[in-house]
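Student: When we follow our numbering, the leftmost residue of the sequence shown carries the number 4, and every step to the right adds one. Provided herewith is a single structure, encoded as structure tokens, for subsequent inquiry.
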Amino acid sequence: MASAIKISPSILSANFSKLGEEIVALEKAGADYIHIDVMDGHFVPNITIGPEVIKRLRPVTKLTFDVHLMISPVDNFIKTFADAGADIITFHPEATENVSETINLIKKLGKKVGISLKPKSQINLVEDHLNEIDLILIMSVEPGFGGQKFMPEVLDKMKKLRNTIDEKKLNIDIEIDGGINFNNCKEAKKFGANILVSGSTVFKEHDGNLEKNIQLLRSN
Ligand code: DX5
Ligand code: ZN
Numbered sequence: 004m005a006s007a008i009k010i011s012p013s014i015l016s017a018n019f020s021k022l023g024e025e026i027v028a029l030e031k032a033g034a035d036y037i038h039i040d041v042m043d044g045h046f047v048p049n050i051t052i053g054p055e056v057i058k059r060l061r062p063v064t065k066l067t068f069d070v071h072l073m074i075s076p077v078d079n080f081i082k083t084f085a086d087a088g089a090d091i092i093t094f095h096p097e098a099t100e101n102v103s104e105t106i107n108l109i110k111k112l113g114k115k116v117g118i119s120l121k122p123k124s125q126i127n128l129v130e131d132h133l134n135e136i137d138l139i140l141i142m143s144v145e146p147g148f149g150g151q152k153f154m155p156e157v158l159d160k161m162k163k164l165r166n167t168i169d170e171k172k173l174n175i176d177i178e179i180d181g182g183i184n185f186n187n188c189k190e191a192k193k194f195g196a197n198i199l200v201s202g203s204t205v206f207k208e209h210d211g212n213l214e215k216n217i218q219l220l221r222s223n
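And the structure:
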């Protein structure tokens, strides 16, 4: 059974010269999580922020840090991100030699575990681990950049996963990430997402009215 819809704004679209203030503003505007996109220029063709920045941002808010690691190899950095203040650590199965080992690394540190599927990554990469994880992140854009166009072809994959999770009565959140806007958020929920990530829609629509944009994504 899907739980209440949560909004996890991606700070990739925030003003990087004042990330602390932007996170405070997101909290005031009603964000449930803060989605932090970590990119290493190796797993994806872009570089963003690392654990030191997350450590500095941690005291700014009590909100859940929903950390999306687009880095490989990922195992060497799990503890660093956990110590920096990540609450949910989501990794890509293609970034590790052994998915179960990476899951256990994260759980041993008391953090929630997410697995992220790129648009072309198939369900078989996650279906053997459903009893071990807390969240599945369905990417609806190729990882690496904000502001890309939503890829509706991932919806069927998401629906299949939602059906399996519900059949097995597992308590796993499905988070959709990439190109989410006011026109496709309803469909994303219908196809099984209960957490919506959004960067450009939250920060850019309605002259950057964060509260209005978060509310519209939640209620549409
Ligand atoms: C892309 C990131 C996404 C992205 C979402 O690699 O994982 O979280 O920042 O940004 P929008 O909502 O602008 O597509
Ligand atoms: Zn992301």
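The beta carbon of each residue, even a glycine, is placed where N, CA and C say it ideally should be.
May I ask whether a heavy atom of the ligand DX5 can be found less than 7 Å away from the beta carbon of Q151?
Tutor: Here residue 151 refers to the residue found at position 148 of the sequence shown. Checking every heavy atom of the ligand DX5 against the Cβ of Q151, one is found closer than 7 Å.
Student: What are the start and end residues of each continuous alpha helix (DSSP H) run of 4 or more residues lying completely inside the segment 6-94, in chain order?
Tutor: Entirely contained in the segment 6-94, the alpha helix (DSSP H) runs reaching 4 residues are, in chain order, 22-31, 54-60, 81-87.
Student: Considering only heavy atoms of the ligand DX5, does any lie closer than 7 Å to the CB of V116?
Tutor: Here residue 116 is taken as the residue at index 113 of the sequence shown, counted from 1. Not so, every heavy atom of the ligand DX5 lies at least 7 Å from the Cβ.
Student: Buried or exposed: which applies to F206, given that a residue is buried once 16 or more other Cβ atoms fall within 10 Å of its Cβ?
Tutor: Here residue 206 corresponds to residue number 203 of the sequence shown, with the count starting at 1. F206 is buried by the Cβ-count criterion.
Student: Taking 7 Å as the cut-off, is the beta-carbon of V157 closer than that to any non-hydrogen atom of the ligand ZN?
Tutor: Here the question's residue 157 lines up with position 154 in the sequence shown. No, the beta carbon of V157 sits no closer than 7 Å to any heavy atom of the ligand ZN.
Student: Kindly examine the ligand DX5 and report whether one of its heavy atoms sits closer than 7 Å to the Cβ of I183.
Tutor: Here residue 183 refers to the residue found at position 180 of the sequence shown. Indeed, a heavy atom of the ligand DX5 lies less than 7 Å from the Cβ.
Student: Within 7 Å: the Cβ of D180 and any heavy atom of the ligand ZN?
Tutor: In the sequence shown, counting from the first residue as 1, residue 180 sits at position 177. Yes; taking the cut-off as 7 Å, the Cβ of D180 has a heavy atom of the ligand ZN nearer than that.
Student: Tell me, to the nearest whole angstrom, how far the beta carbon of L72 is from that of I26; I am working on the premise that it is less than 8 Å.
Tutor: Residue 72 sits at position 69 when you count from the first residue of the sequence shown. Residue 26 sits at position 23 when you count from the first residue of the sequence shown. In fact, because the Cβ distance is near 19 Å, the residues do not count as touching under 8 Å.
Student: Keeping to the same chain, check which residues put their C-beta closer than 6 Å to that of G43; ignore five residues upstream and five downstream.
Tutor: To locate residue 43, count along the sequence shown from 1; it is residue 40. Here residue 43 is Asp; the residue named in the question, Gly, does not match the sequence. Excluding positions up to five away in sequence, the list reads I74.
Student: So I168 and L140 are supposed to be a Cβ contact under 8 Å. How far apart are they, rounded?
Tutor: Numbered from 1 along the sequence shown, position 165 holds the residue referred to as residue 168. Numbered from 1 along the sequence shown, position 137 holds the residue referred to as residue 140. Between L140 and I168 the Cβ distance is about 14 Å, and since that is not below 8 Å, they are no contact.
Student: Compute the Euclidean distance between the alpha carbons of Y36 and D69, then round it to the nearest angstrom.
Tutor: What you label residue 36 is simply residue 33 of the sequence shown in a count that begins at 1. What you label residue 69 is simply residue 66 of the sequence shown in a count that begins at 1. Going by the C-alpha atoms only, they are around 6 Å apart.
Student: Taking K115 as part of the beta strand (DSSP E), name the residues at either end of that continuous run.
Tutor: Here the question's residue 115 lines up with position 112 in the sequence shown. Per DSSP, K115 is one residue of the beta strand (DSSP E) stretching across 115-120.
Student: Could you name the residues of the same chain whose beta carbon sits closer than 7 Å to that of I126, not counting the 5 residues immediately before and after it, in chain order?
Tutor: Stepping through the sequence shown from its first residue, residue 126 is reached at position 123. Residues of the same chain with a CB within less than 7 Å of the CB of I126, apart from the 5 flanking positions on each side, are K160, K163, L164 in chain order.
Student: Closest by CA to Q218, which one among F185, K193, F194?
Tutor: Sequence index remark: in the sequence shown, residue 218 carries index 215 (1-based). Among F185, K193, F194, the Cα nearest to that of Q218 is on F185.
Student: Run the proximity test for D35: is its beta-carbon closer than 7 Å to any non-hydrogen atom belonging to the ligand ZN?
Tutor: Here the question's residue 35 lines up with position 32 in the sequence shown. It does not: the Cβ of D35 is nowhere closer than 7 Å to a heavy atom of the ligand ZN.
Student: Using CA coordinates, which residue listed in G211, S201, D176 is at the minimum distance from G195?
Tutor: Counted from its first residue, the sequence shown places residue 195 at position 192. The shortest C-alpha separation from G195 is found at D176.
Student: So, helix, strand or coil for V270, using DSSP?
Tutor: Here the chain has residues from 4 to 223 only, and residue 270 is not among them.
Student: Can we count T204 as close to the ligand DX5, meaning its CB is less than 7 Å from some heavy atom?
Tutor: Within the sequence shown, residue 204 is the residue found at index 201, counting from 1. Result yes, Cβ under 7 Å from the ligand DX5.
Student: For a test of your reading of the model: does the CB of V47 fall under 7 Å from any non-hydrogen atom of the ligand ZN? Yes or no.
Tutor: Counting from one through the sequence shown, the residue named residue 47 turns up at place 44. The answer is no for V47.
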